[in-house]
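Colleague: Quick one: this structure, given as structure tokens, is what I'll be asking you about.
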Amino acid sequence: MSSQTRLDRAYKNAKRLTFNDTSKIILFSDCHRGDNSFADDFANNRNIYYHALRHYYLKGFSYCELGDGDELWENLSFESIFKAHKNVYMLMKQFHDEDRLHMIWGNHDMVYRNPKYVEKNLYSFFDPKTGNNEDLFCNLRYNEAIVLEHTATKQQLFLTHGHQADWWNFLFWKWSRFMVRVLWKPLNVMGIADPTSPAKNYTELIKIEKRTKEWIIKNNNVITIVGHTHRPRFPEPGDIAYFNDGSCVHPRSITGLEIENGAISLIKWQVVTSEDGNLKIDRFVLEGPTPLMDYKTT
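Just remember that this note's numbering sits 118 ahead of the position in the sequence shown, which is counted from 1.
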């Protein structure tokens with residue numbers, strides 16, 4: 119099966135959601151939440167991520183996570199990840215309880231495509247304080263893709279992780295997971311990068327982006343938003359409508375895409391030093407806001 123066929127299938131079977139110019143949506147991906155060990159890349163940015171996500175919760179945004187939220191290649195179970203970052207999951211639960219949480223699985227958390235696995239591991243958690251299983255993400259469903267359709271203009275946005283264009287990490291993800299667990303995780307602690315990851319292999323990254331853009335061209339330049347490569351992309355109107363929200367494991371910063379007032383922006387959150395010498399977490403707009411209607415289909 120080719121990458122084009124895999125993307126076709128993801129688009130055809132995607133969960134359909136509507137939005138309008140009053141909708142507010144934040145898109146993050148590639149958090150790679152781990153167990154707070156030396157190999158947990160998310161741990162370095164946890165406070166930045168939590169602060170940003172709380173900002174969006176208080177501002178009434180919906181949260182769409184475009185895959186690889188949990189690092190289930192390096193870690194054997196969700197339980198160890200939950201214990202390491204419980205405050206983050208309890209914040210995500212607030213989104214979920216208000217029907218503002220939409221989850222997509224990627225190659226590092228592809229086990230979530232199995233609803234029974236999600237039910238067993240994510241619906242509830244054991245609380246040692248009460249001695250009972252408490253509600254977490256009850257009835258949560260993970261999707262391979264989501265299509266957002268504007269209620270007035272009928273413009274569509276195709277959201278997916280993007281590993282459909284990465285044949286190795288889509289078809290042989292179990293082998294990659296095995297290699298990460300037994301080989302690359304201990305080497306990662308020593309600072310040696312996994313060469314199979316497109317985020318650390320520039321040649322493979324370019325190939326994945328090229329395959330995705332080819333699919334976009336064949337599908338009337340539909341706005342397509344992915345993660346996977348960790349490289350933020352924000353096209354100019356008139357170009358191929360390929361967006362990438364980046365990742366939450368950049369050195370000392372996270373990137374994402376905001377949709378608000380019918381426009382899209384590429385944003386970055388990072389720690390900065392104020393004039394009085396205090397550290398604070400701040401938001402920066404890197405690109406946009408650009409009206410979505412400027413990206414017209416061909």
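Note that beta-carbon positions come from the ideal geometry of N, C-alpha and C, so glycine has one too.
Starting from residue 181, follow the alpha helix (DSSP H) in both directions and report where the run begins and ends.
Modeller: Note, residue 181: premise wrong, no alpha helix (DSSP H); beta strand (DSSP E) at 180 to 184.
Colleague: So, for residue 226: in the same chain, excluding its five sequence neighbours on each side, which residues have a beta-carbon less than 7 angstroms away from its beta-carbon?
Modeller: Counting only Cβ-Cβ distances below 7 angstroms, and skipping sequence neighbours, we find 150, 186, 189, 190 and 191.
Colleague: Please go through the same chain and pick out, in chain order, the residues whose beta-carbon is closer than 7 angstroms to the beta-carbon of residue 255, but skip the five residues on each side of it.
Modeller: So the qualifying residues of the chain are 211, 214, 240 and 241.
Colleague: For residue 290, I'd like the list of residues in its chain whose CB is within less than 6 angstroms of its CB, leaving aside the five on either flank, ordered along the chain.
Modeller: Note that residue 290 scores a pLDDT of 48, beneath 50, so its modelled location is shaky and nothing firm can be said.
Colleague: Give a yes or no on whether the C-beta atoms belonging to residue 121 and residue 284 are separated by under 9 angstroms.
Modeller: Yes, these two residues count as a Cβ contact at 9 angstroms.
Colleague: Please name the residue, chosen from 326, 355 and 339, that lies closest to residue 345 on a Cα-to-Cα basis.
Modeller: Here the closest residue by C-alpha is 326.
Colleague: What ranges does the beta strand (DSSP E) occupy inside the region 225 to 298, keeping only unbroken runs of at least 3 residues that lie completely in it?
Modeller: Counting whole runs of 3 or more residues, the region 225 to 298 contains the beta strand (DSSP E) stretches 242 to 245, 250 to 253, 263 to 268 and 274 to 278.
Colleague: Consult DSSP for residue 314 and reduce its assignment to one of helix, strand or coil.
Modeller: Here residue 314 scores only 48 on pLDDT, less than 50, and its place in the model is too uncertain to base an answer on.
Colleague: Can you name the residues that DSSP bridges to residue 360?
Modeller: Answer is 342, bridged to residue 360.
Colleague: Closest to residue 160 by C-alpha separation, out of 369, 415 and 395, would be which residue?
Modeller: The residue with the shortest Cα to Cα distance from residue 160 is 369.
Colleague: Mapping the DSSP letters down to three states, classify residue 148 as helix, strand or coil.
Modeller: Residue 148: coil per DSSP, three-state reduction.
Colleague: Whose C-beta lies closer than 8 angstroms to the C-beta of residue 269 among residues of the same chain, with five residues either side of it excluded?
Modeller: Same-chain partners within the cutoff: 136, 137 and 138.
Colleague: What residues are listed by DSSP as bridge partners for residue 325?
Modeller: Answer is none; residue 325 lacks a bridge partner.
Colleague: Within a Cβ cutoff of 8 angstroms, which residues of the same chain sit near residue 367, ignoring the five residues on either side of it in sequence?
Modeller: Counting only Cβ-Cβ distances below 8 angstroms, and skipping sequence neighbours, we find 148, 149, 150, 159, 160, 162, 163 and 348.
Colleague: Would you call the CB atoms of residue 387 and residue 408 closer than 9 angstroms?
Modeller: Result no, Cβ atoms of residue 387 and residue 408 do not sit closer than 9 angstroms.
Colleague: Could you tell me the distance, in whole angstroms, from the CA atom of residue 129 to the CA atom of residue 170?
Modeller: Cα-Cα distance, rounded: 29 angstroms.
Colleague: Using the C-alpha atoms, what's the distance from residue 397 back to residue 131?
Modeller: Answer to the nearest angstrom: the Cα atoms are 45 angstroms apart.
Colleague: Assign residue 330 to one of two classes, buried (16 or more other C-beta atoms within 10 Å of its C-beta) or exposed (fewer than that).
Modeller: Buried: at least 16 other Cβ atoms inside 10 Å.
Colleague: To the nearest angstrom, how far is the alpha carbon of residue 314 from that of residue 281?
Modeller: The pLDDT assigned to residue 314 is 48, lower than 50, so where the model puts this residue is not dependable, and the model offers no usable value.
Colleague: Under 7 angstroms Cβ to Cβ from residue 340, same chain only, skipping five residues before and after it: list those, please.
Modeller: Once the five neighbours on either side are set aside, the close Cβ partners of residue 340 are 274, 276, 334, 359 and 415.
Colleague: Please state if the CB of residue 220 and the CB of residue 181 are separated by a distance shorter than 9 angstroms.
Modeller: Closer than 9 angstroms, so yes.
Colleague: Give the straight-line distance between the Cα atoms of residue 156 and residue 384, rounded to the nearest whole angstrom.
Modeller: Each residue's Cα considered, the two are about 29 angstroms apart.
Colleague: For residue 133, does the three-state DSSP call read helix, strand or coil?
Modeller: Three-state DSSP puts residue 133 in a strand.
Colleague: Buried or exposed, going by whether 16 or more other CB atoms sit within 10 Å of the CB of residue 342?
Modeller: By the neighbour-count rule (16 or more Cβ atoms within 10 Å), residue 342 is buried.
Colleague: Looking at residue 125: is its Cβ nearer than 9 angstroms to the Cβ of residue 321?
Modeller: Against a cut-off of 9 angstroms, the Cβ pair of residue 321 and residue 125 comes out as no contact.
Colleague: To the nearest angstrom, report how far apart residue 264 and residue 380 are at their CA atoms.
Modeller: One C-alpha to the other measures close to 18 angstroms.
Colleague: The beta strand (DSSP E) spanning residue 381 covers which residue range?
Modeller: That run of the beta strand (DSSP E) goes 381 to 391.
Colleague: May I have the straight-line CA-CA distance separating residue 223 from residue 232, to the nearest angstrom?
Modeller: Answer to the nearest angstrom: the Cα atoms are 10 angstroms apart.
Colleague: To the nearest angstrom, how far is it from the Cα of residue 206 to the Cα of residue 364?
Modeller: Residue 206 and residue 364: Cα-Cα distance of roughly 19 angstroms.
Colleague: At the level of alpha carbons, what is the spacing between residue 193 and residue 271?
Modeller: Cα to Cα, the separation comes out at about 43 angstroms.
Colleague: Using a Cβ-Cβ cut-off of 7 angstroms (strictly less than) and excluding sequence neighbours within five positions of residue 245, which residues of its own chain qualify?
Modeller: For residue 245, where only same-chain residues beyond five positions count, the Cβ hits under 7 angstroms are 252.
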